[in-house]
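Below: the structure, in structure tokens.
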Amino acid sequence: MQQRKNELAGLGIELLVTLGYVVLLFIIPALFAR
Amino acid sequence: MSRKAVSSLEIVSYYTGYIILGTAFIMLIPIITSIIFAEWSPMLDFSISMSISMLVGFSMMLLGKRTHQLKASIQWKHGFVVAALSWILLMLLCSIPYVLSGHTKSVLDACFDVMSGFTTTGLVLTQDLDHLSISLNMWRHILTFIGGQGMVVLALTFLMKETNGAYRLYVGEAKDVELVPNVKGTARLIWKISMIYLIVGTAALWIDGMVFVGLKPVSAFLHALYIFFSAWSTGGFAPMTQNVMYYHSLSYETISMVIFILGSLNFGLHYAIWTGKRRELVKNIETQSFFVTSFIACMLALFGLSKLHVYPDGVSAFRRIIYNVLSAHTTTGFGNVYARQFALEWGDFGILIMVIVMLIGGSACSTAGGFKGLRVGIVFKAMIMDVKKLLSSERNMKAYKYHHIKDHILDESVVKSSALIIICYMVLFGIGTLMGTYYGYSFASSAFEMASVTGNVGLSIGVTTPSTPAPLKVYYIIAMYMGRLEFISVFALIGYAVGGVKKICKRS
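Protein chains in written order, with the numbering used here: chain G, 5 to 38; chain F, 50 to 557.
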């Protein structure tokens with residue numbers, strides 16, 4: 005059970021961090037273009 | 050039963066046959082697909098291909114059956130040779146459905162596409178992609194998916210019972226991280242991680258495909274599956290000629306971007322994070338290296354291209370510049386600009402940035418190609434270490450470390466082997482660029498295409514077409530193969546073959 009929780013949390017963290025990085029790279033050109 | 054020791058040839062033959070047999074069974078997927086979609090001609094093509102592959106696999110296993118009977122163990126040289134040889138034989142066998150489909154100009158083009166798939170490069174010579182059968186499209190993307198995971202990993206996961214020497218086979222395929230102490234367990238974990246992402250990623254792309262792109266449910270599912278296979282494997286194949294540009298969707302591109310970034314990360318890193326070691330994401334030398342180099346590359350490309358006023362607003366700059374730079378850096382090869390746009394719109398500075406990031410590539414023990422962030426990080430750290438040593442007192446004997454899943458001592462041998470691999474990549478790249486210019490392509494185009502081939506990326510500037518000179522196609526196949534297997538296995542195979550020839554010459 006604990007292992008499943010860890011795996012799910014790990015998956016969530018990886019997705020969030022990567023999405024966060026992509027969003028950061030989206031914001032910079034938007035700011036730059038202004 | 051003969052008590053004579055099992056020869057190397059028998060061991061190599063047995064395990065290569067095993068891997069071929071494993072991959073032959075994978076052809077059941079396109080066969081089932083062709084039955085579901087009533088594509089009878091492709092079904093016949095795949096049945097023929099599967100029969101031939103199984104025959105070859107069984108024959109090789111039969112030739113080396115004493116390996117199993119006497120439980121002969123695999124030595125390092127066997128592991129490397131089996132990995133290198135099975136990739137060549139599988140390239141030939143897996144190209145049969147392409148040749149039978151009539152979508153390739155020649156056998157060479159079919160072999161090129163298979164090697165491009167296996168090595169997760171993504172360059173395409175198959176013609177009329179938009180009208181390919183569903184089963185052949187499925188096959189192309191499965192090739193790239195299993196190539197990313199590794200054929201040896203596939204065989205270790207689903208076929209092999211004995212683990213005696215299996216680690217040597219596993220390392221032969223340029224994967225050297227053991228997630229758990231036993232290599233079969235490691236291979237299974239690699240598949241488990243990929244399968245979980247397969248469900249999550251395909252579902253996200255499927256929903257997006259139906260809601261935002263406007264595809265019908267079945268078509269959206271197939272496109273989602275294909276794009277996931279390619280993105281996760283950092284492959285670059287897409288079902289349509291226009292690659293991801295076909296979807297005209299910011300959300301679809303963003304989801305694929307998240308998938309290919311995750312796919313380019315080390316399986317050891319995924320496992321560490323999934324087992325509660327969250328700080329690994331920040332401490333790991335590879336993630337540090339990737340985020341630093343990719344961020345700098347994106348910013349440089351952004352500044353460089355803004356001067357050319359090609360992409361005037363933020364959204365188009367993100368979709369065209371950031372997407373392509375990240376696609377190149379992760380060695381994916383999804384492109385949302387036409388090949389010639391790189392040559393005509395990106396300028397020398399933009400092309401140079403792309404060449405550099407394509408050569409650096411993703412993480413070791415991932416599906417990505419290139420030098421790998423780990424080696425770049427190690428060499429960079431070694432340079433800092435040398436400067437520090439120069440500046441400190443002679444008695445300072447401090448041991449320098451780097452963090453990759455656990456702390457490692459940064460000794461001379463690690464730095465030397467990393468630098469050697471980087472040099473091998475550069476030589477491969479240099480020769481290919483030279484060949485490109487010899488055949489009349491511009492220096493920038495030759496360098497771009499060769500970086501894409503060497504780093505197993507798949508972005509094209511327009512050099513790779515069915516009319517590309519055959520010697521250049523052959524060199525590209527060799528470069529994709531060597532780049533993916535990281536040289537050592539290929540050198541071992543060459544050494545083994547030369548040794549065999551010498552023996553035969555001596556006997557005669």
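Note that beta-carbon positions come from the ideal geometry of N, C-alpha and C, so glycine has one too.
Bear in mind that the values here come from a model prediction, so they are computed numbers and not experimental data.
Count the other CB atoms, across all protein chains shown, that sit within 10 Å of the CB of residue i; report buried if there are 16 or more and exposed otherwise.
i: Gly-171 of chain F; result: buried
i: Lys-430 of chain F; result: buried
i: Gln-198 of chain F; result: buried
i: Ser-538 of chain F; result: buried
i: Ala-448 of chain F; result: exposed
i: Leu-185 of chain F; result: buried
i: Ile-553 of chain F; result: exposed
i: Phe-420 of chain F; result: buried
i: Phe-316 of chain F; result: buried
i: Ser-466 of chain F; result: exposed
i: Ala-519 of chain F; result: exposed
i: Thr-65 of chain F; result: buried
i: Ser-51 of chain F; result: Reliability fails at Ser-51 of chain F, whose pLDDT of 49 lies under 50, so the model's placement of it is uncertain and the value that follows must be treated cautiously. The residue is exposed, with fewer than 16 neighbouring Cβ atoms inside 10 Å.
i: Gly-71 of chain F; result: buried
i: Lys-522 of chain F; result: buried
i: Phe-352 of chain F; result: exposed
i: Phe-492 of chain F; result: exposed
i: Leu-469 of chain F; result: exposed
i: Ile-80 of chain F; result: buried
i: Ser-100 of chain F; result: exposed
i: Pro-33 of chain G; result: buried
Note down, in chain order, every chain G residue with its Cβ under 9 Å from the Cβ of residue i.
i: Ile-454 of chain F; result: Simply none; closest approach about 14 Å.
i: Gly-363 of chain F; result: Phe-30, Ile-31, Ile-32, Pro-33, Ala-34, Leu-35, Phe-36, Ala-37, Arg-38
i: Leu-330 of chain F; result: Ile-17, Glu-18, Val-21
i: Ile-409 of chain F; result: Simply none; closest approach about 17 Å.
i: Ile-371 of chain F; result: Val-26, Leu-29, Phe-30, Ile-32, Pro-33
Closer than 7 Å by beta-carbon distance: list the chain G residues that pair up with residue i, in chain order.
i: Cys-347 of chain F; result: Leu-29
i: Thr-303 of chain F; result: Val-26
i: Leu-508 of chain F; result: Chain G residues near Leu-508 of chain F: none, gap ~18 Å exceeds 7 Å.
Mind pulling the chain F residues with CB within less than 8 Å of residue i?
i: Gly-14 of chain G; result: His-319, Ile-322, Trp-323, Thr-324, Gly-325, Arg-327
Assuming contact is defined by CB atoms lying nearer than 8 Å, are residue i and residue j in contact in what I supplied?
i: Ser-190 of chain F; j: Phe-278 of chain F; result: Note that residue 190 of chain F is His in the sequence shown, not Ser. Cβ atoms of His-190 of chain F and Phe-278 of chain F: closer than 8 Å.
i: Val-428 of chain F; j: Val-464 of chain F; result: yes
i: Thr-283 of chain F; j: Thr-379 of chain F; result: yes
i: Leu-142 of chain F; j: Val-105 of chain F; result: yes
i: Val-130 of chain F; j: Leu-542 of chain F; result: yes
i: Gly-234 of chain F; j: Phe-339 of chain F; result: no
i: Phe-478 of chain F; j: Thr-517 of chain F; result: no
i: Ser-144 of chain F; j: Ala-159 of chain F; result: yes
i: Met-434 of chain F; j: Ser-501 of chain F; result: no
i: Thr-18 of chain G; j: Leu-247 of chain F; result: Reading off the sequence, residue 18 of chain G comes out as Glu, not Thr. Not closer than 8 Å, so no.
i: Ala-392 of chain F; j: Ser-494 of chain F; result: yes
i: Thr-324 of chain F; j: Asp-179 of chain F; result: no
i: Ala-417 of chain F; j: Gly-410 of chain F; result: yes
i: Val-364 of chain F; j: Leu-318 of chain F; result: no
i: Met-164 of chain F; j: Tyr-530 of chain F; result: yes
i: Ile-306 of chain F; j: Val-26 of chain G; result: Here the sequence assigns Met to residue 306 of chain F, which means Ile is not the residue at that position. Yes, Cβ-Cβ distance for Met-306 of chain F and Val-26 of chain G is below 8 Å.
i: Gly-399 of chain F; j: Ala-350 of chain F; result: yes
i: Asn-385 of chain F; j: Met-484 of chain F; result: no
i: Ser-102 of chain F; j: Ile-78 of chain F; result: no
i: Ile-86 of chain F; j: Ile-195 of chain F; result: A small fix is needed here, since residue 86 of chain F is Phe in this sequence, not Ile. No, these two residues do not count as a Cβ contact at 8 Å.
i: Phe-270 of chain F; j: Trp-281 of chain F; result: no
i: Phe-107 of chain F; j: Trp-136 of chain F; result: no
i: Ile-510 of chain F; j: Ala-346 of chain F; result: no
i: Ile-239 of chain F; j: Val-201 of chain F; result: no
Could you work out which residues of chain G lie near residue i, taking near to mean beta carbons separated by less than 8 Å?
i: Leu-393 of chain F; result: Within chain G, no residue comes near Leu-393 of chain F; the closest Cβ sits about 21 Å away, beyond 8 Å.
i: Gly-307 of chain F; result: Sequence inspection shows Val at residue 307 of chain F; the Gly mentioned does not correspond to that position. Those are Leu-19, Thr-22, Leu-23, Val-26, listed as they occur along chain G.
i: Ile-245 of chain F; result: Glu-11, Leu-15
i: Phe-367 of chain F; result: Leu-29, Phe-30, Pro-33, Ala-34
i: Leu-351 of chain F; result: Ile-32, Pro-33, Phe-36
Taking only heavy atoms of the ligand ZN into account, decide whether any of them is closer than 7 Å to the Cβ of residue i.
i: Gly-384 of chain F; result: As for the ligand ZN, it is missing from this structure, which has no ligand bound.
Mind pulling the chain C residues with CB within less than 9 Å of residue i?
i: Leu-311 of chain F; result: Of the protein chains in this structure, namely G and F, none is chain C.
Check: Quick one: complete alpha helix (DSSP H) runs, 4+ long, within the region 407–494 of chain F?
Finding: Listed in chain order, they are 422–440, 461–487.
Next item on the list: Would you mind listing the alpha helix (DSSP H) stretches within the region 62–96 of chain F that are 4+ residues and don't spill past its ends, in chain order?
Entry: Restricting attention to alpha helix (DSSP H) runs no shorter than 4 residues, the region 62–96 of chain F encloses them at 77–85, ordered along the chain.
Note to self: Which complete alpha helix (DSSP H) runs does the region 341–372 of chain F hold, if anything under 4 residues is left out?
What the structure shows: With a minimum length of 4 residues, the unbroken runs of alpha helix (DSSP H) contained wholly in the region 341–372 of chain F fall at 363–366.
Checklist line | beta strand (DSSP E) runs wholly inside the region 295–329 of chain F, at least 3 long, in chain order | finding: The region 295–329 of chain F is shown to contain no whole beta strand (DSSP E) run of 3 or more residues.
Notebook entry, point to check: Which ranges would you report for the alpha helix (DSSP H) in the region 129–209 of chain F if only whole runs of at least 4 residues count?
Noted result: Unbroken alpha helix (DSSP H) stretches of 4 residues or longer found wholly inside the region 129–209 of chain F: 145–150, 156–167, 183–198, 200–207, given in chain order.
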